[in-house]
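S.K.: Numbers 7 to 145, taken from the numbering used here, label the letters of the sequence shown in order.
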Amino acid sequence: MVAGRVLRFDSARGYGFIAPAFGGEDVFLHVNDLLIPESYLRSGLQVEFEIEEGDRGLKASSVRLAEGAERPPAEGHAPGISGPVVDGEPMCDVLSREDFTREFTEALLVAAPSLTGEQILQIRRRAVDFARGHGWVED
7 MVAGRVLRFD SARGYGFIAP AFGGEDVFLH VNDLLIPESY LRSGLQVEFE IEEGDRGLKA
67 SSVRLAEGAE RPPAEGHAPG ISGPVVDGEP MCDVLSREDF TREFTEALLV AAPSLTGEQI
127 LQIRRRAVDF ARGHGWVED
């Protein structure tokens, strides 16, 4: 088995490419050579595979997740999002301006305790405007 990472995968066409960890030319990947669900494939995914000589160059076969590779999220959840997904969009709580401001201020103080009060107020105002523009905050 050879280790590598998925460079890209086009699910509409059913193929992509893997960059072997040892270097060298990229290896062709076809959906029929997967030992994992196609939905797992994404750029950067660490995989293990066999290399065969195909009609047009190197070809991956028996492609599976590499040992220790982060498993993709369960169906109905988005990467990095702990909540549910509806119609492909992550759902999140909408906070009140007061709750958002309080939590954001705490995060700023933990991340950068040397910020002055005026710096915190300026950053917080901009963050609230940004969050409101994305529908994350309600008044």
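Note that CB positions come from ideal geometry on N, CA and C, so glycine has one too.
CB-CB under 6 Å to MET7, same chain, minus the five flanking residues each way: which ones, in chain order?
M.R.: Around MET7: GLU54.
S.K.: Would you decide whether ALA18 is buried or exposed? Buried here means 16 or more other CB atoms lie within 10 Å of its CB.
M.R.: ALA18 comes out exposed.
S.K.: Using the rule of at least 16 other Cβ atoms within 10 Å of the residue's Cβ for burial, across every protein chain shown, is LEU115 buried or exposed?
M.R.: Classification of LEU115: exposed, given that the 10 Å Cβ count is below 16.
S.K.: Just how far apart, CA to CA, sit GLY22 and THR111?
M.R.: Roughly 44 Å separates the two Cα atoms.
S.K.: State the Cα-Cα distance for the pair GLU73 and GLU124, rounded to the nearest angstrom.
M.R.: Approximately 48 Å, taken between the alpha carbons.
S.K.: Shortest alpha-carbon distance to PRO43 belongs to which of LYS65, GLN52 and LEU71?
M.R.: Closest by alpha carbon: LEU71.
S.K.: Between which residues of its own chain and ILE24 is the CB-CB distance below 6 Å, once the five residues before and five after are set aside?
M.R.: Within the same chain, ILE24 has close Cβ partners GLY10, VAL12, VAL33, LEU35 and ALA66.
S.K.: Quick check on LEU127: buried or exposed, where buried means 16 or more other Cβ atoms within 10 Å of its Cβ?
M.R.: Looking at its Cβ environment, which holds fewer than 16 other Cβ atoms inside 10 Å, LEU127 is exposed.
S.K.: DSSP state of GLY10, grouped into three classes?
M.R.: It is a strand residue.
S.K.: For the alpha helix (DSSP H) containing PHE110, name the first residue and the last one.
M.R.: Looking at the DSSP string, the run of the alpha helix (DSSP H) that includes PHE110 is 103-117.
S.K.: Using a 10 Å radius around the Cβ and a threshold of 16 neighbouring Cβ atoms, would you call PHE106 buried or exposed?
M.R.: The residue in question, PHE106, is buried, as its Cβ has 16 or more Cβ neighbours within 10 Å.
S.K.: Can you grab the Cα-Cα spacing for the pair ARG131 / GLY139, in whole Å?
M.R.: The alpha-carbon atoms of ARG131 and GLY139 are separated by roughly 12 Å.
S.K.: Quick check on the burial criterion: 16 or more other C-beta atoms within 10 angstroms. Buried or exposed for LEU41?
M.R.: With fewer than 16 Cβ atoms within 10 Å of its Cβ, LEU41 is classed as exposed.
S.K.: Work out the CA separation of GLU109 and GLY82 for me, nearest whole Å.
M.R.: Here the model assigns GLY82 a pLDDT of 46, short of 50, so the residue's position is not dependable and the matter cannot be decided.
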